[in-house]
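Undergrad: The structure is given below, and queries will be raised subsequently.
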Amino acid sequence: MKMQGVGVAWFKREDWPRWLAMDANFQPDYQHWLRRMEAVFTRYQAAGVPVVKVTLDPDEFIAWSRATGAGVGTDARAGYAALKARTLDHGRTH
323 MKMQGVGVAW FKREDWPRWL AMDANFQPDY QHWLRRMEAV FTRYQAAGVP
373 VVKVTLDPDE FIAWSRATGA GVGTDARAGY AALKARTLDH GRTH
């Protein structure tokens, strides 16, 4: 079954302090991150790329990170978002 879109890691404002505490390189300003990511999302859509916002839960992510040894950085979050997007895609009825 082919994935229907690209999963983009998405974060809730209320979880932002927890993400900051996890990763020293995390964007410190939520509004800056949100503007930047909304622009990325819009570019994907304009290019015809199916894209889905994958809201990450900090507790689920850290459990996955510990279980897999993936770390907590950008690459780990992107990988986890892609995994969640595939899981969501496979859960759809076609």
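Positions in the sequence shown are counted from 1; adding 322 to them yields the working numbering. Glycine included, C-beta positions come from ideal geometry on N, C-alpha and C. Here the structure is a predicted model, which is why all the values come from computation and not from measurement.
(1) Keeping to the same chain, check which residues put their C-beta closer than 6 Å to that of Met359; ignore five residues upstream and five downstream.
(2) Just checking my contact of Val376 with Lys406 at CB under 8 Å: how many whole Å lie between their CB atoms?
(3) Short of 7 Å in beta carbon distance, which residues of its chain neighbour Ala403, apart from the five on each side in sequence? Order them along the chain.
(4) Once DSSP output is grouped into helix, strand and coil, what is the label at Lys375?
(5) On the three-state DSSP scale, how would you describe Val328?
(6) For the alpha helix (DSSP H) that contains Gln349, what are its first and last residues?
(7) Rank Asp337, Trp341 and Glu336 by C-alpha distance to the C-alpha of Thr396 and give the top, closest one.
TA: This is what the structure holds:
(1) none
(2) 5 Å
(3) Gly329, Val330, Ala331, Val376 and Leu378
(4) strand
(5) strand
(6) Here Gln349 belongs to no alpha helix (DSSP H), and DSSP marks it neither H nor E.
(7) Trp341
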